[in-house]
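Before any comments, here is the structure.
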Amino acid sequence: EILRLEKGLRVESENIGELPVIAGVASQIEKLFRFMIAEEVVSLPADSLVRLRLSACEGDGEILGVNIEFEDFVPIAPGARHDRLLHPFNLRGANPREFGVFLASSYFIARHHGGSLTAKVKEDKGLRFSFFLPCCPSRTVDTDLGFVQDFQSFQSFAK
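Just add 125 to wherever you are in the sequence shown, counting from 1, and you've got the working numbering.
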């Protein structure tokens, strides 16, 4: 499936296999996706392609969570620091609107849900942002009470 967004940005989505249920706040997970798309819109030139890939993460014979990849195909701007892709206020290009607030917000949502974010410069060209969100993080959010508590307490509250 391909979506067209602002600036003619195309988002191609790909699900690889069946995805497990992850624990977390659905509205925040949705914001992670919206923030990453916004990051790509402000960072990439018009008519660029972003590939969104979702897959189950397995380890030691069990499903651990979901891998979410955002991949673009635009060469890194000359002078951009490859080693600072995830540093605050890092510019991916010449546009000062690209200061990374959407990327930072996505990172914090993933971390808040017990997950992670890595960024990699691809050999051919472009970037790959990889998120991991676990099935059962050790900590999650109780939105009704507004604070973080351990996952077992959250499960009993949700029943």
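Backbone N, C-alpha and C define an ideal beta-carbon position, used for all residues, glycine too.
A quick note: this is a predicted structure, and the numbers were derived from the prediction, not measured.
(request) Out of 255, 134 and 200, point me to the one whose CA is closest to residue 228's CA. (result) 255
(request) Compute the distance between the beta-carbons of residue 186 and residue 147, then report whether it is under 8 angstroms. (result) no
(request) Classify residue 160 as helix, strand or coil using the three-state DSSP reduction. (result) helix
(message) By the three-class DSSP mapping on this structure, what secondary structure does residue 150 have?
(response) Residue 150 carries a coil assignment under DSSP once its states are collapsed to helix, strand and coil.
(message) Please identify the residue among 181, 246 and 180 whose C-alpha is closest to the C-alpha of residue 198.
(response) 246
(request) Would you kindly work out how many angstroms separate the C-alpha atoms of residue 195 and residue 137, rounded to a whole number? (result) 10 angstroms
(request) Starting from the C-beta of residue 132, find all residues in its chain whose C-beta is less than 8 angstroms away, skip the five residues before and the five after it, and write them out in chain order. (result) 166, 169, 170, 171, 172 and 173
(request) Just confirm the distance between the C-beta atoms of residue 260 and residue 188, as a whole number of angstroms; I'd bet it's less than 8 angstroms. (result) 6 angstroms
(request) Confirm, please, whether the CB-CB distance from residue 230 to residue 160 is below 8 angstroms. (result) yes
(request) Please determine, among 139, 244 and 155, the residue with the shortest C-alpha to C-alpha distance to residue 201. (result) Per the C-alpha coordinates, the member of 139, 244 and 155 positioned closest to residue 201 is 244.
(message) Let me check understanding here. Comparing Cα to Cα, which of 249, 251, 248 and 226 lies closest to residue 157?
(response) When only C-alpha atoms are compared, the closest one is 226.
(request) With DSSP as the reference, please indicate the residues paired to residue 183 in a beta bridge. (result) 188
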